[in-house]
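Peer 1:
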Amino acid sequence: MEHIELFFKSIFIDNMVFATFLGMCSYLAVSKKVSTAVGLGAAVIFVLAVTVPLNWLLDQYILQEGALSWLGEEYASYDLSFLSFIMFIATIATMVQLVEIIVEKFSPSLYNSLGIFLPLIAVNCAILGGSLFMQSREIPSIGLALTYGVGSGIGWFLAILAIAAIREKIRYSAVPPALRGLGITFIITGLMAIGFMSFGGMLTGGDEKKEEKPKVEAKVEKEKIKKEAKEIVAENTNIN
Amino acid sequence: MGLLSKKDVALIKDPLFDNNPITIQVLGICSALAITAELKASIVMSISVMFVLGLGNVVISLMRNIIPSKIRIIVQLIVVATLVIIVDLVLKAFAYELSKTLSVFVGLIITNCIIMGRFEAFALGNGPWRSFLDGIGNAVGYGLILIAVGFFRELLGSGTLLGIKVLGDPIEKTGLYAFGYENNGFMLLSPMALIVVGIIIWVQRTKNKALIEEN
Chain X
1 MEHIELFFKS IFIDNMVFAT FLGMCSYLAV SKKVSTAVGL GAAVIFVLAV
51 TVPLNWLLDQ YILQEGALSW LGEEYASYDL SFLSFIMFIA TIATMVQLVE
101 IIVEKFSPSL YNSLGIFLPL IAVNCAILGG SLFMQSREIP SIGLALTYGV
151 GSGIGWFLAI LAIAAIREKI RYSAVPPALR GLGITFIITG LMAIGFMSFG
201 GMLTGGDEKK EEKPKVEAKV EKEKIKKEAK EIVAENTNIN
Chain H
1001 MGLLSKKDVA LIKDPLFDNN PITIQVLGIC SALAITAELK ASIVMSISVM
1051 FVLGLGNVVI SLMRNIIPSK IRIIVQLIVV ATLVIIVDLV LKAFAYELSK
1101 TLSVFVGLII TNCIIMGRFE AFALGNGPWR SFLDGIGNAV GYGLILIAVG
1151 FFRELLGSGT LLGIKVLGDP IEKTGLYAFG YENNGFMLLS PMALIVVGII
1201 IWVQRTKNKA LIEEN
């Protein structure tokens, strides 16, 4: 259940592109054709699924405060979390290189479709963002980290697929000249992001609502009491 | 202008408008838009990027002849990451609240394409002084857009600028609010950042027809 919830949350509610604007650069640059967009999207899912769990391990066993305690008690007080940027980006860069080599060796056809995009991915903010969000949201287990990585990857894939499809169609529309290309893409993305905001309520139903209701009632009651008190005061002043 | 030749001035001036990193080169949008709901955050972000890009450009330009071209991306990433860690620690020490608002977006300066883009396109082929100017120019161009977006979003969204209530007090109904003006809370939500940038691009290209793209 936890996994399913996190999975849908990372695809729709916390969508990389629409909620946090991660990976916007390649999102704008590579979304002119659906076929290339699919290639890049698949590569992003792949790399996120590898790097997020890996960086989770790094964070858990090397970087966090007290994470080094497995080395012995004298290391328990070390806090290396200031190094996390450099560690994460180094992991990502090497992993991307490694993935490129492995894919080239074992699946030349996949390499031909993903190949040119893999180097681009090392500097895609969505990848580093995935690891940083994983760290700041304190995802508790490596399984959940994997779910989070795959989920955010799919979210990004959906976003770039959607915008690429729209941009293919928009060629036949009469866009104002000054908005053509970049401008209209920005505005469409904005509108799509507003659309994606409607997913926000998807996972907040159920338990939270029950908790919220009494609060609202309590507020209403408070306001009633305040009103009554004001009326009494007003009456008193009138009498005076 | 003894210090800056004509070419140097162009290096700084070009990225401000005609070759702006955000609206023309389409670089560095990733870490930019999410933090523009407040003017203050945008200004701090611009200054951080200026620091990282200016210094990073100098460092890369100094090392440009000894970096093997095969591993240059990793070297560049390490240089940026080091500079960003400095920025992050300084922010945590002197502006803790703000560093909480910026959260992971300080870290994301590392993968800000503007930085890698300028390293690749400029610092690898030019001397340190010119690279420094190029870095500053691009960072200022980036900052201009960020500050413009932050300005409009904070003004229209919460009626304040840098936390000062310039339009009057919405609760006590003073200033503009006395005439029934309401804040547009929508401006504070993230999608509006995209639309505001879209409008800025529209205005810019209407003024400068040469920048208009094919569909």
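Heads up: the sequence lines are chains X and H, in that order. Quick note: the first sequence, position 121, residue 121 per our numbering, numbers continuous. Quick note: the second sequence, position 178, residue 1178 per our numbering, numbers continuous. Just so you know, even glycine gets a beta-carbon here, dropped at the ideal spot from N, CA and C.
Just to confirm my understanding: we take residue 34 (chain X), look at its own chain, exclude 5 residues before and 5 after, and list those with CB closer than 8 Å. What are they?
Peer 2: Counting only Cβ-Cβ distances below 8 Å, and skipping sequence neighbours, we find 161, 164, 165, 168.
Peer 1: Tell me the rounded alpha-carbon separation between residue 1101 (chain H) and residue 1130 (chain H).
Peer 2: 34 Å
Peer 1: When you compare only the Cα positions, how much space is there between residue 195 (chain X) and residue 1093 (chain H)?
Peer 2: 38 Å
Peer 1: Quick one: what does DSSP say residue 1161 (chain H) is sitting in, helix, strand or coil?
Peer 2: strand
Peer 1: Name, please, each residue of chain X whose Cβ falls closer than 7 Å to the Cβ of residue 1104 (chain H).
Peer 2: 129, 132, 133, 136
Peer 1: Going by DSSP in three states, residue 202 (chain X) sits in which element: helix, strand or coil?
Peer 2: coil
Peer 1: According to DSSP, is residue 1007 (chain H) part of a helix, a strand, or is it coil?
Peer 2: DSSP, reduced to helix, strand and coil, places residue 1007 (chain H) within a helical segment of the structure shown.
Peer 1: With a threshold of 8 Å between beta-carbons, can residue 189 (chain X) be considered close to chain H, or not?
Peer 2: Under the Cβ criterion of 8 Å, residue 189 (chain X) is counted among the residues facing chain H.
Peer 1: Identify the contact partners of residue 1095 (chain H) in chain X, using a Cβ-Cβ distance below 7 Å as the criterion.
Peer 2: Result: empty, since nearest Cβ-Cβ is about 16 Å, beyond 7 Å.
Peer 1: Which residues, in order along the stretch 1047 to 1069 of chain H, keep a beta-carbon less than 8 Å from a beta-carbon of chain X?
Peer 2: For the stretch 1047 to 1069 of chain H, which is checked against every Cβ of chain X, not one residue is closer than 8 Å.
Peer 1: Should residue 1179 (chain H) be labelled buried (16 or more other beta-carbon atoms within 10 Å of its own) or exposed?
Peer 2: Exposed, since its Cβ has fewer than 16 Cβ neighbours within 10 Å.
Peer 1: Any residues in the stretch 1161 to 1192 of chain H with a beta carbon nearer than 8 Å to a beta carbon of chain X? Which ones, in chain order?
Peer 2: 1189, 1190, 1191, 1192
Peer 1: Between the Cα of residue 1044 (chain H) and those of H:1162, H:1192, H:1076, spot the shortest distance and give me the residue it belongs to.
Peer 2: For the residues H:1162, H:1192, H:1076, the minimum Cα distance to residue 1044 (chain H) belongs to H:1162.
Peer 1: Tell me, please, whether the CB atom of residue 1026 (chain H) is closer than 8 Å to any CB atom in chain X?
Peer 2: Yes, contact with chain X.
Peer 1: Select from H:1069, H:1061, H:1106 the residue whose C-alpha is nearest the C-alpha of residue 82 (chain X).
Peer 2: Here the closest residue by C-alpha is H:1106.
Peer 1: Which of the three DSSP states is assigned to residue 1021 (chain H) in this structure?
Peer 2: coil
Peer 1: So, using beta-carbon positions, are residue 190 (chain X) and residue 1192 (chain H) closer together than 8 Å?
Peer 2: Yes; because the gap between Cβ atoms is below 8 Å, this pair is in contact.
Peer 1: From which residue to which residue does the alpha helix (DSSP H) around residue 1041 (chain H) run?
Peer 2: 1039 to 1063
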